[in-house]
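Read through the structure below, which is laid out as structure tokens, and then see the notes.
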DNA sequence: CCGAGTGTTCGATGCGTATCTTACAGTCCG
DNA sequence: CGGACTGTAAGATACGCATCGAACACTCGG
């Protein structure tokens, strides 16, 4: 009876927003932040559900990190699921791409290509 | 000998940034602002060089407006030219599109499609 | 040459938000 | 059960940035 997910979570279950219900404004603001950009990039380079929130290499504390994930959820960019004590993530590639064509690619390509 | 442009301008000539020299960060931040988004949309719906800075329907004063145009120039989104006492604008569609594929379309499509 | 029109610069202000610290609420393992 | 680990919530702080008002610079038409 190990990984049961869903059931408990932490205090409350993560609230998700469908990309279809996200405004361009919100999406762009969410993405136009250095820390969140980094999160998205790392997330894109990992398998779905393989990364817990704390496993990212960003220069902010847990609290701020939690906030950023909240913003990403609100923008329909990230889906979360509770897996034991950890909250694991998945990048909503296709759904987000369908709503905001090209945007994710832009973030992922980043400046690395230049 | 009417419109001679270039020559004088106001105090200094407008400083432009090539889209190629703009970071994704900068581009996204520039675009992720309601007022600037509006400017871009109106600009996209007008012929090149047909709109002076003051001719846009945005709810901010001249000072703020000037600031926004400065940001847009810095992001490689807008080109300006002095024409008499006015400063007229042009959206750098192709150049910007080449550097940030899809981004401009995204802003222009906006929420109108939903 | 003066006045109207246009846009920039400067200084000050207000608000949003990213951040930290601390406290708390869960989950799991020994 | 008790402690380690993970993430969220709440309160405080700091900084960026959008905004405004006023002063200035430049152009053009009478």
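Residue numbers (the numbering used here), protein chains in the order written: chain H, 205 to 318; chain W, 205 to 318.
The beta-carbon is built from N, C-alpha and C at its ideal position, and this holds for glycine as well.
Whole-angstrom distance between residue j and residue i, CA atom to CA atom
i, j, result
"residue 223/W", "residue 290/H", "42 Å"
"residue 279/H", "residue 252/H", "18 Å"
"residue 229/W", "residue 288/H", "35 Å"
"residue 268/H", "residue 259/W", "41 Å"
"residue 238/W", "residue 227/H", "11 Å"
"residue 312/H", "residue 298/H", "14 Å"
"residue 225/W", "residue 216/H", "44 Å"
"residue 254/H", "residue 300/W", "36 Å"
"residue 302/W", "residue 261/H", "31 Å"
Residues bridged to residue i [DSSP beta-bridge criterion]
i, result
"residue 284/W", "293/W"
"residue 255/W", "293/W"
C-beta atoms of residue i and residue j nearer than 8 Å
i, j, result
"residue 294/H", "residue 272/H", "no"
"residue 245/W", "residue 314/W", "yes"
"residue 296/H", "residue 275/H", "no"
"residue 221/W", "residue 277/W", "yes"
"residue 270/W", "residue 292/W", "no"
Buried or exposed by the 16-neighbour rule on C-beta atoms within 10 Å, applied to residue i
i, result
"residue 180/W", "The question about residue 180/W has no answer, for chain W in this structure spans 205 to 318."
"residue 233/W", "buried"
"residue 264/W", "exposed"
"residue 231/H", "buried"
"residue 219/W", "exposed"
8 Å contact criterion, which residue i and residue j should meet: CB distance rounded
i, j, result
"residue 243/W", "residue 304/H", "20 Å between Cβ atoms; not a contact."
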